[in-house]
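So the structure is just underneath, and the comments pick up after that.
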Amino acid sequence: MAPITIIGSGLAGYTVARELRKLDKDIPLRIISRDHGGFYSKPMLSNALAGNKSAEQLLMKSAAQMAAELNAEILSNTGINAIDRQAHQLHGSAGVLAYSKLVLALGADPFTPELAGDAADEVLSVNDLDDYRRFRAALAGKHNITILGAGLIGCEFANDLLGQNLQIQLVDLAESPLSRLLPPAAGAYLQQQLEKQGVTFHLGSTTQHVQRHGNGYRLTLHNGVQFDTDLVLSAIGLRPRVTLAQQAGLAVQRGISVNRQLQTSDADIYALGDCAEVTGYLLPFVMPIMQAARALAATLAGNTTDVRYPAMPVAVKTPACPTTICPPPAGSIGQWQIEIQENGLKALCVDDTGKPLGFALMGSANAEKQLLATQMPAWLV
Ligand SMILES: Cc1cc2nc3c(=O)[nH]c(=O)nc-3n(C[C@H](O)[C@H](O)[C@H](O)COP(=O)(O)OP(=O)(O)OC[C@H]3O[C@@H](n4cnc5c(N)ncnc54)[C@H](O)[C@@H]3O)c2cc1C
């Protein structure tokens, strides 16, 4: 019998495999990855410099250890480039591989910023362990780093790099950091705390040119501001990997479209994690992936199960300003109420009846996170 096959050895792929093994120890299982296939915690990539961690230290288990633990065949360094849905076969660098059910856990690619200049292609990004290895090596001897994008990952890297005694510039089109998740007053509070530690913000503009200049680069922003830097890291967002699914004729919107059983438009193909759009939700975070993996494992083991999303707060790893964000459910309409505290800020989003929808807690206000989390409406009931 052809194995259940998972493409992707990130958090999504490995969590489905682990959850499936809790329910069925023997069903044939194959995991395919174009990377090393080892297990690591991706969220640690944006706070590992502070602990002086190398890529090797971040690798928690090798592909061989995962294969033994999961009683699965793991094909690492194996890229898949086509799905033959009729024949239930995959085509790729290991030849033709048959599957019974297929799980796409392909992740997402970093957005490439649209930049001019002779060094535009030297801008780095960190979205996996190999990227982190390159980035850490590139930091040697550098004093001044510029991060494009003051979202969650950009702010986390900024804070992490501060601990390396580096000067940090953060550039973002929005007028305050984490603008997609935080109301402006809360973004401004985070900005102040990072500025106190030495981060310089360039807000309200994006980078136009990256030119080689001496041993580093000269950046020109669209608003005409110019400054020099030793290294540029882009953290402007992620784009779900949809090409494989698209070429196989599966329904794709922003991500690979799946229903609440994580099933694509092909009954034998499922998707989850950063590549998947679950009934309109793109949630590239750990907790939603764990929820989806549990539901999908049950379905694969024969017990068709819908994914449910309770409210899932996200901790932003910025020790300069510890922050927890629980976004309001998609499509809900609310007003933010801001309470400034002596050493923190509480932002509560409420609907027109005063019912809480979401929150952002900073500094001392984090003391309320457990209590508030229980009061938030589920995202997908
Ligand atoms: C720096 C950083 C910090 C983060 N911090 C947090 C945090 O604090 N909290 C939080 O909740 N979330 C955080 N996230 C998000 C979270 O880590 C991701 O949502 C999650 O790890 C995504 O897992 P995934 O398995 O979907 O994708 P990935 O881990 O990217 O895995 C994709 C896998 O697919 C494989 N693959 C892709 N295409 C092919 C192909 N054609 N053939 C074979 N294999 C293929 C790849 O090799 C890889 O193994 C962070 C993300 C980053 C980048």
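For any residue, its number in this note's numbering is found by taking its place in the sequence shown, counting from 1, and adding 41. Glycine residues also receive a C-beta, built at the ideal position from the N, C-alpha and C atoms. Everything numeric in this text was worked out from a predicted model, so none of it was measured.
Rounded to the nearest angstrom, how far is the Cβ of residue i from that of residue j, given a contact under 8 Å?
i, j, result
"Leu-211", "Val-164", "Not confirmed; about 14 Å, so no contact."
"Pro-418", "Pro-370", "6 Å"
"Leu-313", "Ile-124", "In fact, because the Cβ distance is near 16 Å, the residues do not count as touching under 8 Å."
"Thr-270", "Ile-186", "7 Å"
"Gly-79", "Leu-100", "5 Å"
"Thr-46", "Tyr-140", "4 Å"
"Ile-121", "Leu-131", "5 Å"
"Cys-316", "Arg-282", "5 Å"
"Ser-117", "Ala-104", "4 Å"
"Leu-421", "Lys-410", "In fact, because the Cβ distance is near 21 Å, the residues do not count as touching under 8 Å."
"Ala-333", "Val-319", "7 Å"
"Pro-44", "Leu-70", "6 Å"
"Ala-58", "Leu-111", "5 Å"
"Phe-268", "Leu-260", "6 Å"
"Tyr-14", "Ala-179", "This structure cannot settle anything about residue 14, because the visible part of the chain is limited to 42 through 422."
"Gly-204", "Leu-90", "7 Å"
"Asp-347", "Ala-336", "6 Å"
"His-243", "Val-266", "6 Å"
"Pro-363", "Gly-404", "6 Å"
"Pro-325", "Ala-149", "6 Å"
"Gly-378", "Leu-386", "The amino acid occupying residue 378 in the given sequence is Gln; Gly does not appear at that position. With a Cβ gap of about 11 Å, Gln-378 and Leu-386 do not count as contacting."
"Gln-252", "Gly-158", "5 Å"
Give me whichever residues DSSP pairs with residue i in a beta bridge.
i, result
"Cys-367", "Phe-400"
"Val-319", "Val-299, Tyr-322"
"Asp-213", "Leu-244"
"Pro-281", "Ala-149"
"Val-391", "Gln-376, Pro-397"
"Gln-411", "Answer by DSSP bridge pairing: none, since Gln-411 is not bridged."
"Ile-68", "For Ile-68, which the question treats as bridged, DSSP gives no partner whatsoever."
"Val-355", "Ile-366"
"Thr-46", "Arg-71, Leu-143"
"Phe-80", "Lys-102"
"Asn-185", "Gln-208"
"Ile-381", "Leu-386"
"Ile-310", "Leu-143"
"Tyr-350", "Leu-421"
"Val-293", "Ile-297"
"Gln-287", "DSSP lists no partner for Gln-287."
"Gln-332", "Bridge partners of Gln-332: none, in fact."
"Gln-416", "In the DSSP output, where bridge partners are listed per residue, Gln-416 has none listed."
On a Cα-Cα basis, can you pick out the residue from the options that is closest to residue i?
i, options, result
"Arg-349", "Val-357, Asn-300, Gly-375, Pro-69", "Asn-300"
"Ile-381", "Ala-229, Ile-121, Thr-320, Ala-104", "Ala-229"
"Ala-113", "Ala-157, Tyr-81, Lys-358, Arg-62", "Arg-62"
"Thr-247", "Ser-117, Ala-160, Gly-190, Arg-253", "Gly-190"
"Lys-142", "Val-319, Thr-305, Ala-227", "Thr-305"
"Ser-74", "Asn-93, Ala-91, Met-107", "Met-107"
"Phe-400", "Gln-376, Asp-393, Asn-384, Glu-383", "Gln-376"
"Asn-206", "Ala-181, Pro-218, Leu-222", "Ala-181"
"Gln-232", "Ser-217, Val-327, Ala-160, Leu-222", "Ser-217"
"Asn-407", "Val-327, Ile-297, Val-357, Ile-188", "Val-357"
"Val-144", "Pro-151, Asp-159, Ser-134, Arg-126", "Arg-126"
"Glu-197", "Leu-111, Thr-365, Gly-395, Lys-396", "Thr-365"
"Asp-213", "Ala-226, Met-331, Val-167, Ala-276", "Ala-276"
"Ala-135", "Thr-119, Leu-413, Asp-309", "Thr-119"
"Leu-156", "Pro-225, His-250, Ile-297, Pro-360", "His-250"
"Val-327", "Ile-48, Ala-128, Ala-336, Ser-82", "Ser-82"
"Asp-29", "Gly-404, Gly-385, Gly-372", "The chain is shown from 42 up to 422; residue 29 falls before or after that span and cannot be answered."
"Ile-72", "Ser-298, Met-85, Ser-50", "Ser-50"
"Tyr-173", "Leu-202, Leu-341, Asp-162, Pro-154", "Leu-202"
"Met-85", "Leu-170, Gly-133, Leu-337", "Leu-170"
"Ile-31", "His-184, Gly-321, Ile-297", "There is simply no residue 31 to check, as the chain begins at 42 and stops at 422 in what is shown."
"Pro-154", "Leu-262, Gly-385, Leu-223", "Leu-262"
"Asn-88", "Gln-238, Asp-76, Ala-199, Pro-151", "Ala-199"
"Asn-264", "Asn-256, Leu-291, Gly-245, Gln-252", "Gly-245"
"Asp-307", "Leu-324, Pro-325, Gln-287", "Gln-287"
"Lys-183", "Pro-224, Leu-219, Asn-256, Val-137", "Asn-256"
"Lys-66", "Ala-109, Ile-330, Ile-379", "Ala-109"
"Ala-128", "Ala-289, His-254, Gln-208", "Ala-289"
"Gly-395", "Thr-345, Ile-48, Ile-374", "Ile-374"
"His-77", "Met-42, Gly-92, Lys-102, Pro-224", "Lys-102"
- [ ] List in chain order: all unbroken alpha helix (DSSP H) runs of 4+ residues lying wholly within the region 151-183.
- [x] DSSP runs (the alpha helix (DSSP H)) wholly in the region 151-183: 170-179.
TODO: Mind listing, in chain order, the continuous beta strand (DSSP E) runs of no fewer than 3 residues lying wholly within the region 220-277?
DONE: Secondary structure remark: continuous beta strand (DSSP E) runs of at least 3 residues inside the region 220-277, in chain order: 240-244, 248-254, 257-262, 267-270, 272-275.
Task: Start-end ranges of the beta strand (DSSP E) lying completely within the region 97-154, minimum 3 residues - done: 100-102, 114-116, 121-125, 130-133, 136-139, 143-145, 149-151
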